[in-house]
Structures are given as C-alpha cells and as structure tokens.
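Report on the following structure.
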Amino acid sequence: STVRTGDPDADTAIKVNQMARATIDYPDGGITLGDWKKGREIAWSGYGFRVGHKNDNHDKKPVGGNCYNCHQIGTDRTGGSIGPVLTGYGKMRGTSEPVLKYTYEVIYNPHAVYACTHMPRVGANGLLTHEEISHVMAYLLDPESPVNQ
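The sequence shown begins at 22 in the numbering used here and counts up by one.
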C-alpha cells in the first residue's frame, strides 16, 4: 500500500523497515566512534546540496549533516524541535555494541528503524561517509562531548 499521510499500517511498516535495513552498509572493521569535535562541526553544518544563485561547492567545503535543523543536540546552541531532543543522548544510553548499531542505523537509514520518518537517509543517499557518521555518533555518544554534559 502507499503511505500518503500519517503512519503506515503494520504490514507496510514492516516492509519499509526490511527494505531499508537491506540498504545499510556497515563500515569495514565494525562500527566505531570517531572524533566528537569533527562530529560537532558536521552536525551543526547545513552546508551542501543547496542550489540557487550560489551553488554549494563540495570541493571547497565538506557537506554537513544538518542535524541541528531538526534536533536540539547541544546546550550551548539552539537547534530544532521537529525531531527528538538529543542532549544527554550518550549519557542515558552508554556506548554498548547494541547502542552503537542502533545509532548507526538511525543515522545511515532511519527507515530501517522508523518506517516513513522524515529524517533524511544520510548514509543510504551518500550524503555522509562511514567516517563522517562515526564522527556524528561520537558527538552524540562520547562522554566528553558537550551533548553529554
């Protein structure tokens, strides 16, 4: 069935989750945390894929994750309110293997977990690399990150 508005029925949600899960490409060597400082820059950058009178030049500046547009992800800046608040994300969850896998999957292709969410599929669509996702994950999970202070 086609989902136009609202939540999908259970059968459709399961199909969407399964199809999305099949797109997830896990990094060689497993899921690890990168550098939270780099992750902070990525999460708070909206640069990339803008077109108009000045198109973004990806050769001069890396693409950002644009996470701040929908999520409150720090206590030192104001983020969006469309998505869940992520302050304290790692403090509440820790860094166990299941938490790393869940967080990676939600960033890579959130439809694998939340069918028909509006969150962009930054990994599945090639917007962020495995390394960049690891940095964003570090920003969310590292105990030293401002997210967890």
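Glycine included, C-beta positions come from ideal geometry on N, C-alpha and C.
Would DSSP call residue i helix, strand or coil?
i: G55; result: coil
i: M158; result: helix
i: R42; result: helix
i: N218; result: Outside the displayed range of the chain (22 to 170) lies residue 218, so it cannot be described from this structure.
i: R61; result: helix
i: A133; result: helix
i: D82; result: Looking at the sequence itself, residue 82 is Lys, so the reference to Asp does not match. In this structure, K82 counts as coil in the three-state DSSP scheme.
i: T33; result: helix
i: Y89; result: helix
i: K75; result: coil
i: H139; result: coil
From what residue to what residue does the alpha helix (DSSP H) around residue i run?
i: G111; result: 110-114
i: T124; result: 118-129
Taking only beta-carbon atoms, is residue i less than 8 Å away from chain B?
i: D80; result: In summary, chain B is missing from the structure at hand, where a single protein chain is found.
So, do the region 115-135 and the region 25-44 have three or more beta carbon pairs nearer to each other than 8 Å? yes
Tell me whether the region 81-88 and the region 59-67 touch, counting them as touching only if at least three CB pairs, one residue from each stretch, are closer than 8 Å. yes
Do the region 51-60 and the region 153-160 meet, that is, are 3 or more Cβ pairs less than 8 Å apart? yes
Decide yes or no for the touch test of the region 44-55 against the region 66-75: beta carbon pairs closer than 8 Å, at least 3 of them. no
Using a Cβ distance threshold of 8 Å, determine whether the region 90-97 contacts the region 148-156, with at least three qualifying pairs required. no
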